[in-house]
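Numbering (the working numbering), first residue to last: 34 to 705.
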């Protein structure tokens with residue numbers, strides 16, 4: 034596992050975790066539960082606190098943090114564009130709209146700086162949109178196709194209702210043809226606003242909003258391609274289609290060949306669409322949607338480890354190249370492309386796009402004209418009224434129409450708050466406005482978008498403050514709803530065979546896959562003990578995942594713990610092994626057994642005959658089935674915990690899981 038953590042000075046030893054847990058007000062008997070219900074007293078373990086020192090979070094968390102950083106840069110760019118356009122109108126227009134000569138051999142053409150941003154650089158932005166959409170379908174909230182129907186419908190409703198409002202306001206005017214500017218939410222600004230203004234909201238609310246906005250972005254780009262592009266020329270369109278088919282066919286090629294094929298095919302697709310008259314940014318979306326996402330397999334990671342070991346033994350350039358290729362190839366193409374493009378798209382391309390397109394001279398007269406014009410007023414109302422109405426009303430209608438079988442993954446209050454936040458539309462809407470309007474109409478559209486974004490931000494703050502002020506359990510139901518989480522843990526916990534600490538009647542169950550020789554596992558172990566001591570309704574389960582390619586003694590250590598468990602001292606041996614990771618030779622393990630008062634003859638026989646190897650293998654098989662590739666990996670109530678294993682993050686995840694479960698049970702009880 035990668036990262037950088039530090040341990041604070043060791044606190045006093047515990048005289049037994051079991052007694053510490055039992056002294057707390059339990060929801061049930063709080064005792065260690067092992068195979069066949071055996072119990073024992075764990076040995077003393079230092080209570081150190083694991084602190085976070087690096088980013089070990091999952092792609093979704095990185096995505097949200099990048100979007101949050103992008104939101105601040107976009108706001109700065111918007112303000113800079115407004116000031117620039119207001120102070121030096123001619124200079125702003127001349128810089129972005131002035132012709133730039135381009136020569137390729139005998140061909141000579143002209144483009145503008147705005148064209149370079151809007152049709153060139155924005156391709157990277159829509160590539161990231163496509164990649165994230167594919168990740169959601171492969172690994173995220175949309176992987177359960179039945180549950181994907183709800184955000185899909187809300188995403189569509191979140192466009193149709195605002196467009197309907199816009200058309201009603203602009204009916205009979207020339208501005209009605211620009212309805213596409215009234216439909217798309219700005220992903221970066223909306224997620225940024227949710228993160229800043231909705232700090233009390235759980236992570237699932239941000240995931241829900243992101244899922245809906247992925248649908249929103251895809252549909253908006255299809256509208257650009259179909260409605261706001263000139264009739265396509267068939268020959269270059271056929272070339273682009275052939276290149277896309279080639280790209281799809283190369284997904285099974287080795288990593289190096291696939292990378293070259295992706296690059297060449299992407300360039301041909303982009304050029305073909307541009308020549309055909311279709312907005313070329315569609316190429317980014319198509320490539321992203323074609324790029325599958327999956328978690329690294331243990332086999333690919335072990336192969337990468339072998340390549341690195343070969344380089345360590347013989348540090349030669351060709352072995353270094355092979356090791357680098359192996360490490361990169363262990364990640365999915367989706368992950369690699371997101372890592373390469375997402376920071377640039379969010380922190381460079383989108384702010385640059387805002388700087389190139391948000392500039393409009395702001396004067397009292399222009400503001401008054403825009404908010405009286407059908408275009409400006411229609412866009413403002415479409416976002417401020419249409420988005421929350423569509424998402425809230427759509428959620429209610431879906432629930433009624435399906436008789437409760439379909440509903441969002443969050444409560445109706447969180448849906449309403451997300452809907453208000455979705456009223457912030459800028460990036461894609463500015464792109465559509467630039468295609469649909471010119472002159473004064475374009476100015477009115479931009480002012481309408483800016484007014485909507487400002488108003489939606491204020492309303493979002495009020496909505497989230499209102500949700501935070503609700504009494505429990507009303508707030509829990511309003512935020513979490515009654516939708517049960519998908520389960521990532523394939524093998525359910527069985528107290529008869531699993532190693533369990535904590536209460537017999539838990540609200541929250543933590544399953545950790547660990548490796549006794551892994552330093553990250555050792556550092557996370559005291560965190561787990563602190564959580565058990567502070568949460569009497571939590572049950573902790575340990576499962577073995579010895580990473581033998583990097584930790585050659587991990588498997589025998591796991592068997593030693595099982596051999597001790599056969600004599601009723603599993604947890605004592607467990608803690609001893611994590612506390613002394615450098616001592617895993619046979620004599621070291623026998624010394625541990627002697628200090629624990631075990632029958633040494635029986636213990637030695639169990640180790641040398643590998644009597645408990647099948648028990649360890651069973652845990653390894655369950656880890657593989659659940660997609661676990663590294664240690665420590667935690668599951669909380671069956672859901673993979675993708676954040677760092679520090680005390681603060683795990684405590685927050687436990688609190689959210691507890692609240693979520695109580696909200697679901699309360700909703701179901703009320704319904705019955």
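Where is the CB? At the ideal position from N, CA and C, for every residue including glycine.
Predicted model only: the values in this text are computed from it and were never measured.
CA-to-CA distance, residue j to residue i, given in whole angstroms
{"i": "residue 117", "j": "residue 574", "result": "59 Å"}
{"i": "residue 491", "j": "residue 250", "result": "23 Å"}
{"i": "residue 534", "j": "residue 551", "result": "21 Å"}
{"i": "residue 150", "j": "residue 456", "result": "24 Å"}
{"i": "residue 577", "j": "residue 657", "result": "11 Å"}
{"i": "residue 622", "j": "residue 558", "result": "20 Å"}
{"i": "residue 132", "j": "residue 123", "result": "14 Å"}
{"i": "residue 154", "j": "residue 438", "result": "42 Å"}
{"i": "residue 608", "j": "residue 668", "result": "20 Å"}
{"i": "residue 313", "j": "residue 165", "result": "19 Å"}
{"i": "residue 300", "j": "residue 156", "result": "11 Å"}
{"i": "residue 415", "j": "residue 560", "result": "49 Å"}
{"i": "residue 383", "j": "residue 367", "result": "20 Å"}
{"i": "residue 290", "j": "residue 106", "result": "36 Å"}
{"i": "residue 401", "j": "residue 485", "result": "15 Å"}
{"i": "residue 458", "j": "residue 160", "result": "19 Å"}
{"i": "residue 310", "j": "residue 211", "result": "19 Å"}
{"i": "residue 179", "j": "residue 342", "result": "44 Å"}
{"i": "residue 176", "j": "residue 244", "result": "11 Å"}
{"i": "residue 654", "j": "residue 554", "result": "19 Å"}
{"i": "residue 474", "j": "residue 215", "result": "14 Å"}
{"i": "residue 205", "j": "residue 467", "result": "21 Å"}
{"i": "residue 171", "j": "residue 181", "result": "11 Å"}
Cβ separation of residue i and residue j, assumed to be a contact under 8 Å, to the nearest whole Å
{"i": "residue 481", "j": "residue 408", "result": "6 Å"}
{"i": "residue 363", "j": "residue 334", "result": "5 Å"}
{"i": "residue 431", "j": "residue 183", "result": "6 Å"}
{"i": "residue 465", "j": "residue 690", "result": "So it is not a contact: roughly 41 Å between Cβ atoms."}
{"i": "residue 242", "j": "residue 227", "result": "6 Å"}
{"i": "residue 469", "j": "residue 261", "result": "6 Å"}
{"i": "residue 463", "j": "residue 391", "result": "6 Å"}
{"i": "residue 413", "j": "residue 404", "result": "7 Å"}
{"i": "residue 587", "j": "residue 548", "result": "5 Å"}
{"i": "residue 322", "j": "residue 433", "result": "With a Cβ gap of about 32 Å, residue 322 and residue 433 do not count as contacting."}
Secondary structure of residue i, DSSP reduced to three states
{"i": "residue 385", "result": "helix"}
{"i": "residue 577", "result": "strand"}
{"i": "residue 674", "result": "strand"}
{"i": "residue 134", "result": "strand"}
{"i": "residue 680", "result": "helix"}
{"i": "residue 532", "result": "strand"}
{"i": "residue 463", "result": "helix"}
{"i": "residue 457", "result": "coil"}
{"i": "residue 77", "result": "Summary for residue 77: the model assigns pLDDT 38, below 50, so the residue's position carries little reliability, and this model does not support an answer."}
{"i": "residue 692", "result": "helix"}
{"i": "residue 545", "result": "strand"}
{"i": "residue 257", "result": "helix"}
{"i": "residue 537", "result": "coil"}
{"i": "residue 471", "result": "coil"}
{"i": "residue 649", "result": "helix"}
{"i": "residue 232", "result": "coil"}
{"i": "residue 520", "result": "coil"}
Residues of its chain near residue i, where Cβ-Cβ distance is below 6 Å and the 5 sequence neighbours each way are ignored
{"i": "residue 272", "result": "305"}
{"i": "residue 682", "result": "676"}
{"i": "residue 190", "result": "423, 427"}
Residues near residue i in its chain [Cβ-Cβ closer than 7 Å; skip 5 each side]
{"i": "residue 340", "result": "355, 356, 359"}
{"i": "residue 639", "result": "596, 599, 645"}
{"i": "residue 662", "result": "328, 329, 330, 331, 334"}
{"i": "residue 237", "result": "442, 443"}
{"i": "residue 336", "result": "359"}
{"i": "residue 365", "result": "325, 326, 327"}
{"i": "residue 258", "result": "311, 312, 315"}
Nonlocal neighbours in the same chain, by C-beta distance under 8 Å from residue i, ignoring five residues either side
{"i": "residue 344", "result": "352, 353, 355, 356"}
{"i": "residue 627", "result": "633"}
{"i": "residue 135", "result": "141, 142, 143, 144"}
{"i": "residue 60", "result": "Its pLDDT being 35, under 50, residue 60 is placed unreliably by the model, and the measurement read from it follows with that caveat. These residues qualify, in order along the chain: 536, 538, 539, 540, 569, 570."}
Closer than 7 Å: residue i CB and nearest the ligand GTP heavy atom
{"i": "residue 176", "result": "This structure lacks the ligand GTP, and indeed carries no ligand of any kind."}
Determine contact between the segment 494-510 and the segment 430-449, defined as no fewer than three beta-carbon pairs at a distance below 8 Å.
yes
Could you check whether the segment 580-599 touches the segment 642-649, counting it as contact only if at least three pairs of C-beta atoms, one from each stretch, sit closer than 8 Å?
yes
Is it a yes or a no for the segment 194-205 touching the segment 413-430, going by three-plus beta-carbon pairs under 8 Å?
yes
For the 8 Å Cβ check, are there 3 or more pairs between the segment 276-284 and the segment 215-230?
no
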